[in-house]
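When the letters of the sequence shown are read in order and numbered with full-length UniProt numbering, they come out as residues 1 to 194.
For every residue, glycine included, the Cβ atom is placed at its ideal position computed from N, Cα and C.
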Amino acid sequence: MYRVYFENFRQKVALTEEEQELIQAHLMTRKIRKKLYILREKDICKFVVFVEKGLLKSYSTGENGAEHIIQFAPENQFILDIYSFLTGEQATYNIQAVEDSELIIISKSSHETLLKKSHKYETFVRILVTDAYIELQQRLNANISLHPDELYIAFMHKYAHIAQRVPQHMIASYLGLAPETLSRIRRKIAGRNS
């Protein structure tokens, strides 16, 4: 069950068998059905989630009840409400299964223990946080500088593997567009390509 997790780990940081055993002792597995939640807004996030198989989304709910998706997490990706996880305050985001999923869970206490006991784990986490920050900057830059048409095209190029697995209204939510706007953009692009 941990094969994908440790393949991901070793792509970033070399790991001996002993180091893997230490880390693996702190991992838990969980299966979750489509549409079920692993975290709800206002709960405290006490774990990091790695997606072995399936797809999760992280979103907040606006005053009008609309979803504002901030992240899709397919296979080989991590997801959590980092603010809640680090501060112990209420989560801002829901984390929900878009598909039936198989997860690896690292509790906050296990995470903190591993940070103290394993230099390799600490290095791995630092790389993940750095990569996430770069991704965040790129997304913010795209959102403030690209026209909605360009934003959608960029999403399709970068996340084609996700776009095939989620309904259009979720893509619209992730891009910060109304579903009707995304439909117009898609028709316009289809017209150009025909």
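In terms of residues, what are the limits of the alpha helix (DSSP H) holding residue i?
| i | result |
| --- | --- |
| residue 119 | 119-145 |
| residue 24 | 17-24 |
| residue 174 | 168-175 |
| residue 150 | 148-158 |
| residue 27 | Where residue 27 is concerned, there is no enclosing alpha helix (DSSP H), given that its DSSP letter is neither H nor E. |
| residue 86 | 82-87 |
Shortest alpha-carbon distance to residue i belongs to which of the options?
| i | options | result |
| --- | --- | --- |
| residue 45 | 94, 51 and 26 | 94 |
| residue 153 | 126, 185, 83 and 28 | 185 |
| residue 80 | 3, 58 and 182 | 58 |
| residue 76 | 22, 84, 30 and 5 | 5 |
| residue 9 | 47, 127, 159 and 85 | 127 |
| residue 146 | 167, 165, 122 and 177 | 177 |
Count the other C-beta atoms from every protein chain shown that fall within 10 angstroms of the C-beta of residue i, then say buried if there are 16 or more, exposed otherwise.
| i | result |
| --- | --- |
| residue 131 | exposed |
| residue 52 | buried |
| residue 25 | exposed |
| residue 134 | exposed |
| residue 137 | exposed |
| residue 1 | exposed |
| residue 56 | buried |
At what residues does the beta strand (DSSP E) containing residue i begin and finish?
| i | result |
| --- | --- |
| residue 96 | 94-97 |
| residue 4 | Taken as a continuous stretch (DSSP letters only), residue 4 belongs to no beta strand (DSSP E), being part of the alpha helix (DSSP H) at 3-12. |
Exercise. Is there contact between the region 108-121 and the region 63-73, where contact requires at least three CB pairs shorter than 8 Å?
Worked result: no
For this session: Taking 8 Å as the threshold, find out whether the region 165-182 comes into contact with the region 68-78 through three or more Cβ pairs.
Result: yes
Exercise. Is it true that the region 94-106 meets the region 28-38, where meeting means three or more beta-carbon pairs spaced less than 8 Å apart?
Worked result: yes
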